[in-house]
Amino acid sequence: MPTNLDMTLLRTFVAVCDHAGMTAAGHALHLTQGAVSQQVGKLESALGMPLFVRSRRGLRLTPAGERLIGRARAMLALHDEVWADMTGCAVVGRVTLGVPDDLVAMLAPVVKGFVEDHPRVELSLVSASSSDLSDDVGRGVVDVAVVEEPHESAVGEVVALDRLVWVGDRDGRARLARPLPVSVVSQFCAFRPVVLDALRRDGRDWRTVFENGSLAATLATVRMGLAVTALLESTVPVDLTVLGPSAGLPELPPFALTLRVGTASAPAAELADRLRTGLARRGAGAGPARYGG
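Residue numbers (UniProt numbering): 1 to 293.
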């Protein structure tokens, strides 16, 4: 007869994955690091296989852990759905979502659907840089955040991949200027160090045209033909153009959208699941590239 899986152990396993470590998972679950480690050990013993291995970058899922995580999320979601339906307990409470400015429009349908389905949840939206949002989750200021990181150095749960691309106006005037005029939102923008490093490695002279403003102001400088910028391909406005290989600009690395969850509350867990599903449906680099230049 099959052994029943303990939902508490599964919930702890998922929390460790979401928080990329046992200490952070313990804070979210209001457990000690030792208690979290013990629960993970019990789950591994029940299944007869290790779920995590330690590396220099922290905990990493084993192949068995990779197989389990998706099913564990599905089991917990079904469990919580059945519980809410049978007990009449709707999701109630408050949740603060942190999103970089350039992802707000992309995630608007997901957030709208969440609010409509959970009228008793009070949602607040915070827009800031990815580094600030990561800090805010750690400090408990933000409950759930979607952050942008270079894929090769991403930490935490990667929920989507997208291409970082050069963007200019349709006439392509700025890309021809020497030194190359570059516009970035701020010195804390996740794309800034990657873009400048690519230019340096390419030996390209560049100058900053605009910095420390809003995304709207940055895009305005690009629309006026005063500068080029870098955006995730799926967020490029329809009136701007992705500058392809023929533009002669250095290739930029792919970026990961990672999910940070700072609390184990029901509203935060439900919102995190909605974001996972919504971003998975979009896929990486949604939409055809509009190459110019």
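Don't be surprised by glycine CBs; every beta carbon is placed ideally from N, CA and C.
From residue i to residue j, what distance separates their C-alpha atoms?
{"i": "Gly26", "j": "Arg192", "result": "33 Å"}
{"i": "Ala90", "j": "Leu219", "result": "41 Å"}
{"i": "Gly58", "j": "Leu226", "result": "43 Å"}
{"i": "Thr263", "j": "Gly244", "result": "41 Å"}
{"i": "Leu29", "j": "Val115", "result": "24 Å"}
{"i": "Phe255", "j": "Val111", "result": "22 Å"}
{"i": "Gly113", "j": "Arg281", "result": "14 Å"}
{"i": "Ala24", "j": "Leu176", "result": "48 Å"}
{"i": "Ser55", "j": "Val16", "result": "15 Å"}
{"i": "Arg139", "j": "Ala247", "result": "43 Å"}
{"i": "His118", "j": "Leu259", "result": "21 Å"}
{"i": "Pro267", "j": "Asp85", "result": "16 Å"}
{"i": "Ser214", "j": "Val195", "result": "18 Å"}
{"i": "Leu125", "j": "Arg94", "result": "11 Å"}
On the DSSP letters alone, give me the boundaries of the alpha helix (DSSP H) that residue i sits inside.
{"i": "Val195", "result": "192-201"}
{"i": "Ala35", "result": "33-47"}
{"i": "Val14", "result": "7-19"}
{"i": "Leu51", "result": "No alpha helix (DSSP H) holds Leu51; DSSP gives it neither H nor E."}
{"i": "Leu29", "result": "22-29"}
Which same chain residues, not among the five before or five after residue i, have their C-beta less than 6 Å away from its C-beta?
{"i": "residue 297", "result": "Any answer about residue 297 is impossible in this case: the structure gives the chain only from 1 up to 293."}
{"i": "Arg201", "result": "none"}
{"i": "Val185", "result": "Leu215, Thr218"}
{"i": "Pro50", "result": "Glu44, Thr62"}
Counting only the same chain and skipping the five closest in sequence on each side, list residues whose C-beta sits under 7 Å from that of residue i.
{"i": "Ala284", "result": "Note that Ala284 scores a pLDDT of 44, beneath 50, so its modelled location is shaky; the value from the coordinates is reported in the next line. Only Ala160, Leu161, Asp162 meet the Cβ criterion."}
{"i": "Pro179", "result": "Asp205, Trp206, Arg207"}
{"i": "Glu66", "result": "none"}
Of all the CB atoms in chain C, is at least one closer than 8 Å to the CB of residue i?
{"i": "Phe188", "result": "Of the chains in the structure shown, none is chain C; there is only one protein chain."}
Residues in its own chain within less than 8 Å of residue i by CB, not counting five upstream and five downstream?
{"i": "Ser183", "result": "Thr208, Val209, Phe210, Glu211, Thr218, Thr221, Val222, Leu226, Ala227, Val228, Thr229"}
{"i": "His151", "result": "Val158, Leu161, Pro253, Pro254, Phe255, Ala256"}
{"i": "Ala20", "result": "Gly58, Leu59, Val155, Gly156, Glu157"}
{"i": "Met22", "result": "Val16, Gln33, Val36, Ser37, Val40, Leu59"}
For the beta strand (DSSP E) that residue i lies in, which residues bound it at each end?
{"i": "Thr241", "result": "241-243"}
{"i": "Ala256", "result": "254-261"}
{"i": "Ala154", "result": "Ala154 -> no beta strand (DSSP E), and no H or E assigned at all."}
Requested in this report: Determine, using beta-carbon pairs with one atom in the segment 56-64 and one in the segment 74-91, whether at least three such pairs fall under 8 Å.
Outcome: When Cβ pairs closer than 8 Å are counted between the two stretches, the segment 56-64 is seen not to touch the segment 74-91, the count staying below three.
Query - Three-pair Cβ contact test at 8 Å for the segment 137-145 versus the segment 165-184 - result: With a cut-off of 8 Å, the segment 165-184 and the segment 137-145 do not count as touching, because too few Cβ pairs lie within range.
Query raised in the report: Can you list, in chain order, the stretches of the beta strand (DSSP E) that have 3 or more residues and sit fully within the segment 55-139?
Result: Unbroken beta strand (DSSP E) runs of no fewer than 3 residues, entirely contained in the segment 55-139, are found at 58-61, 93-99, 121-127, following chain order.
Query raised in the report: With a cut-off of 8 Å, do at least 3 Cβ pairs link the segment 235-244 to the segment 183-203?
Result: Contact fails: fewer than three Cβ-Cβ distances are below 8 Å.
Query raised in the report: Which full runs of the alpha helix (DSSP H) of 4+ residues lie inside the segment 156-230, going along the chain?
Result: The DSSP assignment places 192-201, 215-223 as complete runs of the alpha helix (DSSP H) inside the segment 156-230, in order along the chain (cut-off: 4 residues).
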